[in-house]
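Please read the structure below before turning to the comments.
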Amino acid sequence: MKILIVGGGNMGLTYARSFVRAHITSRLDLRLLARSPQRVAALAAHELGTVWGDPAQCVPGADIIILAVKPQDSPALFEAMRGLVQPHQVVLSIMAGVRIATLREELRTPKVIRAMPNLPAQIGMGMTAFTSTDEVTRAELVQVQNLLSTTGKTVYVEEESAIDAATAISGSGPAYVYYCMDALMTAATQMGFTPAEAELLVSQTFRGAVELYSQSGLSCTDWIAKVASKGGTTEAAMHAFGAGQVREGLVAGAVAARDRAEELGK
Ligand SMILES: NC(=O)c1ccc[n+]([C@@H]2O[C@H](COP(=O)([O-])OP(=O)(O)OC[C@H]3O[C@@H](n4cnc5c(N)ncnc54)[C@H](OP(=O)(O)O)[C@@H]3O)[C@@H](O)[C@H]2O)c1
Numbered sequence: 007m008k009i010l011i012v013g014g015g016n017m018g019l020t021y022a023r024s025f026v027r028a029h030i031t032s033r034l035d036l037r038l039l040a041r042s043p044q045r046v047a048a049l050a051a052h053e054l055g056t057v058w059g060d061p062a063q064c065v066p067g068a069d070i071i072i073l074a075v076k077p078q079d080s081p082a083l084f085e086a087m088r089g090l091v092q093p094h095q096v097v098l099s100i101m102a103g104v105r106i107a108t109l110r111e112e113l114r115t116p117k118v119i120r121a122m123p124n125l126p127a128q129i130g131m132g133m134t135a136f137t138s139t140d141e142v143t144r145a146e147l148v149q150v151q152n153l154l155s156t157t158g159k160t161v162y163v164e165e166e167s168a169i170d171a172a173t174a175i176s177g178s179g180p181a182y183v184y185y186c187m188d189a190l191m192t193a194a195t196q197m198g199f200t201p202a203e204a205e206l207l208v209s210q211t212f213r214g215a216v217e218l219y220s221q222s223g224l225s226c227t228d229w230i231a232k233v234a235s236k237g238g239t240t241e242a243a244m245h246a247f248g249a250g251q252v253r254e255g256l257v258a259g260a261v262a263a264r265d266r267a268e269e270l271g272k
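Pasting the structure below:
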């Protein structure tokens, strides 16, 4: 399986490293396309595959073409790739907000997969939602799912609208977690801990709580009930969160992110 990654930035490099590390492809079968000679040279130094500067030299012959450039660079990319993509090739785009209909139309090709990864993909702990056009075969979908799985977990969604929803939940999600962590670190320093102690207390608490949750069959509500005893400290915190409408605020934030994702895709 010959893979071409277009764009060797954060995500392009993450995929290249993950595919090679997982032995899902060999360096011989991996190609990267950059747009400047400087970037071609910088990418070549990583020794992850063959690096090209001209789409005409690397698009033909690829089985899977991964588009990992910024959405604002997509019009120029479409222009550069026009007429090069063949109908049997599978195009996988991770560009936020670039719709399947646009990819199909601009690249004039039927086999399109759209995916939304997130930042922890960099350490193999990512979450990726993906969907595809009907023309992508089951075998091709499995191949792409195997590629995406080298960066973490994946979920296939039937409707493209679910990609906008996943953008709001798992795509932007790491920022929500950091927001909550940062608030707790502020509370910890206000209570007299040094910043280093606050960081340790909070990060280890998040790590432990998520791991405990993952290893059990219990829901978040079950676990809250286990921590919070009647008239105790956790219950006092829960009452304060309720009065501050913290839960409603987080839900409203996620909905706002989903609405913005829909807007950007128009
Ligand atoms: N980062 C994330 O966590 C994340 C999560 C979900 C989705 N995404 C999506 O992933 C995509 C890439 O994000 P990123 O963070 O990896 O961006 P990035 O670090 O800016 O990398 C984009 C790369 O694309 C290159 N490029 C632009 N136009 C090109 C062209 N015509 N041909 C070849 N290369 C080209 C850029 O080259 P130069 O170096 O020359 O500028 C740059 O190296 C975006 O569409 C984003 O929406 C990212």
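Numbering (my numbering), first residue to last: 7 to 272.
Every residue, glycine too, gets a C-beta built ideally from N, C-alpha and C.
Nothing here was measured: the structure is a model prediction, and the numbers come from that model.
Tell me the rounded alpha-carbon separation between residue i and residue j.
| i | j | result |
| --- | --- | --- |
| Leu83 | Asp188 | 38 Å |
| Gln204 | Met191 | Note that residue 204 is Ala in the sequence shown, not Gln. About 5 Å. |
| Thr195 | Leu256 | 23 Å |
| Ser99 | Val233 | 43 Å |
| Ala263 | Phe247 | 22 Å |
| Thr157 | Ala50 | 22 Å |
| Val208 | Ala181 | 15 Å |
| Ala74 | Ala242 | 46 Å |
| Val65 | Gly250 | 54 Å |
| Met122 | Gly15 | 16 Å |
| Ala215 | Ala172 | 23 Å |
| Val261 | Trp58 | 40 Å |
| Leu54 | Gln128 | 15 Å |
| Phe212 | Gly177 | 19 Å |
| Lys159 | Gln151 | 9 Å |
Could you say which of the options lies nearest to residue i if we only look at CA atoms?
| i | options | result |
| --- | --- | --- |
| Arg37 | Gln44, Glu254, Asp60 | Asp60 |
| Asp279 | Arg27, Ile106, Asp170, Glu165 | What is shown of the chain runs 7 to 272, which leaves residue 279 out entirely. |
| Ser138 | Gly55, Ser155, Ala168 | Ala168 |
| Gly179 | Thr200, Gly132, Ala193, Glu165 | Gly132 |
Which of helix, strand or coil does DSSP assign to residue i?
| i | result |
| --- | --- |
| Val261 | helix |
| Leu10 | strand |
| Lys159 | strand |
| Ile70 | strand |
| Phe136 | strand |
| Met131 | coil |
| Ser80 | helix |
| Met122 | strand |
| Val150 | helix |
| Ser178 | coil |
| Glu104 | According to the sequence displayed, residue 104 carries Val and not Glu. Reduced to three states, the DSSP call for Val104 is coil. |
| Val96 | strand |
| Val183 | helix |
| Met17 | helix |
Check your understanding: Along the chain, which unbroken stretches of the alpha helix (DSSP H) at least 4 residues long are found entirely within the segment 208-272?
Key -> Entirely contained in the segment 208-272, the alpha helix (DSSP H) runs reaching 4 residues are, in chain order, 226-233, 239-249, 252-270.
Exercise for review: State whether the segment 8-15 contacts the segment 118-136, with contact taken as three or more CB pairs (one from each stretch) at a distance under 8 Å.
Suggested key: Cβ pair count under 8 Å is below three, so no.
Check your understanding: What runs of the beta strand (DSSP E), each 3 residues or longer, lie entirely inside the segment 21-65?
Key -> 36-39, 56-58
Practice item. Inspect the CB distances between the segment 17-24 and the segment 65-79 and report whether three or more fall short of 8 Å. Key: With the cut-off at 8 Å, the segment 17-24 and the segment 65-79 touch.
Exercise for review: May I ask you to verify whether the segment 140-159 touches the segment 218-235, counting CB pairs closer than 8 Å and requiring at least 3?
Suggested key: no
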